[in-house]
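Residue numbers (UniProt numbering): 1 to 296.
The structure appears right after this line, and notes come after that.
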Ligand code: SF4
């Protein structure tokens, strides 16, 4: 049996998923093939029509996979179970375990932002999370099973707490006290949600690593508005300045997208000038993507 968990963050991701599904079926034509994940949620029929695919499960159904497997006999046509993700309120917290001492703890799912280039909210639904008590208990369980470093992950982790009337700052304060975990790392966090108090807390914490991944996406305010991002470049510069003032050796990773519809050479040069003056001087890692965007 194959269980193929797909991504749909760009058109290239979709293409790679199709290629991988075909490769798996070619390698083992008698295998029972389950395709799930974001691409399966967004384009279930496209996948179900692929010869050899038996089961297509949406983003929520993925967590109940055993309920859909049946007798594992190959089907004449792909069977689809992909419910309405936008009204889904369920959240399935989880963490990775293997032969590593580093664990990924999922603290949040979904996103309410609807940036113009992004399909993720349509694939993962509204922002939701388990409460802090449950999340901390999960971190303690991971620690008892050998996790020494925990990476906090989610779709929009800074938005943690929206569904439980809590917030991300409260979460990291509680996690900091978990016995057995030596290091925490915050994964990608939106610049408007990486507040000064979070930066100050990380700077004072012995457990939270001086490691920030902050998606800039563009250094032009006009393009940020086209993208429907919730900050301007001045706010971004302030965040970087704040980190550098408290943690001069912090790692700062930054994503940039170029080629968004409506972006002119003037905007591009504005963004380039901002990146050259701000990012090159202060950040350790810059990922530039020319994204054939999905939703625009
Ligand atoms: S915040 Fe991130 S996940 Fe949410 S819509 Fe924007 S790019 Fe997509």
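Every residue gets a Cβ at the ideal spot worked out from N, C-alpha and C, and that includes glycine.
Considering only residues of the same chain and omitting the five flanking positions on each side of residue i, which have a CB-CB separation below 6 Å?
i: residue 82; result: 41, 44 and 58
i: residue 193; result: 158
i: residue 247; result: 203 and 210
i: residue 237; result: 278
i: residue 13; result: 7
i: residue 186; result: 152
So who's on the other strand from residue i, going by DSSP bridges?
i: residue 128; result: 109
i: residue 215; result: 255
i: residue 5; result: 36
i: residue 153; result: 106
i: residue 56; result: 35 and 80
i: residue 288; result: 256
Assign residue i to one of three DSSP states: helix, strand, or coil.
i: residue 44; result: helix
i: residue 249; result: coil
i: residue 185; result: strand
Could you check if residue i is buried or exposed, using at least 16 other CB atoms within 10 Å of its CB as the buried criterion?
i: residue 172; result: buried
i: residue 109; result: buried
i: residue 196; result: exposed
i: residue 202; result: buried
i: residue 298; result: With the chain covering 1 to 296 only, the question about residue 298 has no answer from this structure.
i: residue 230; result: exposed
i: residue 191; result: buried
i: residue 227; result: buried
i: residue 26; result: exposed
i: residue 36; result: buried
i: residue 288; result: exposed
i: residue 28; result: exposed
For residue i, is the beta carbon positioned less than 7 Å from some heavy atom of the ligand SF4?
i: residue 191; result: no
i: residue 113; result: yes
i: residue 118; result: yes
i: residue 88; result: no
i: residue 121; result: yes
i: residue 156; result: yes
In chain order, what residues of the same chain lie with their CB nearer than 7 Å to the CB of residue i, ignoring the 5 residues before and after it?
i: residue 60; result: 83, 85, 88 and 90
i: residue 175; result: 136, 139 and 184
Flag residue i as yes if its beta-carbon sits less than 8 Å from any beta-carbon of chain C, otherwise no.
i: residue 102; result: No chain C appears in this structure, which consists of one protein chain only.
Excluding the 5 residues preceding and the 5 following residue i in the sequence, name in chain order all residues of the same chain whose CB lies nearer than 8 Å to its CB.
i: residue 170; result: 132 and 161
i: residue 54; result: 32, 33, 34, 74, 75, 78 and 79
i: residue 65; result: 3, 34, 36 and 57
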